[in-house]
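Accompanying notes for the structure given below.
Numbering (the numbering used here), first residue to last: 73 to 189.
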């Protein structure tokens, strides 16, 4: 294995995640979005810059959203359905799987979302 193979793998994985057919959002412990792939931005109708100024309750805007985020923090993962509020004011029901991960020593929460049905 050459020394460049891990770098090539990282680049390929990054490109695959960016263009994945599912929405991928990454939030920090304060529920601020810190990363979003192209599919997430398209699904929500926001630019990436706009998404990075949002928090989980801005998108999952229903009363239980913050409690569900706290439950995911407590258990390390959560699977279910959610309703997201898009930029144009419409809402969509999506399935999701979210889990905790550590990157460069910091804790983040990754959610993968896809249409329900």
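Using N, Cα and C, we set each Cβ at its ideal position, and we do this for glycine too.
Checklist line | Where residue 119 falls: helix, strand or coil (DSSP) | finding: In this structure, residue 119 counts as coil in the three-state DSSP scheme.
- Query: Thinking just about the alpha-carbon of each residue, which of 117, 87, 111, 85 is nearest to the one in residue 183?
  - Reply: That would be 111, whose Cα lies nearest to the Cα of residue 183.
Problem - Distance between residue 154 and residue 134 (C-alpha atoms, nearest Å) - result: A straight line joining the alpha-carbon of residue 134 with that of residue 154 spans about 9 Å.
Q.
If you measure between the beta carbons of residue 106 and residue 180, is that distance less than 8 Å?
A. Going by C-beta atoms, residue 106 is nearer than 8 Å to residue 180.
Spatial neighbours of residue 115 within its chain, please: CB distance less than 6 Å, with the 5 preceding and 5 following residues excluded, ordered by chain position.
-> Excluding its 5 nearest sequence neighbours in each direction, residue 115 has C-beta neighbours in its own chain below 6 Å: 95, listed in chain order.
**Prompt:** By Cβ distance, which residues of its chain are closer than 6 Å to residue 118, with the 5 residues on each side in sequence left out?
**Reply:** Leaving aside the five residues that flank residue 118 on each side, the residues in its chain whose CB is nearer than 6 Å to its CB run, in chain order, 159.
**OP:** Look at the Cβ atom of residue 97, then the Cβ atom of residue 108, and state whether they are nearer than 8 Å.
**Re:** A distance below 8 Å separates the beta carbons of residue 97 and residue 108.
**Prompt:** If we ignore side chains and look at the alpha-carbon of each, how far apart do residue 172 and residue 124 end up?
**Reply:** Roughly 19 Å between the two C-alpha positions.
| query | Considering only residues of the region 98-181, which uninterrupted beta strand (DSSP E) runs meet the minimum length of 3 residues and lie entirely inside it, listed in chain order? | reply | Counting only runs of 3 or more, we get 105-108, 149-157, 163-175.
* DSSP puts residue 93 in a beta bridge; with which residues? -> Paired residues: none, contrary to the question.
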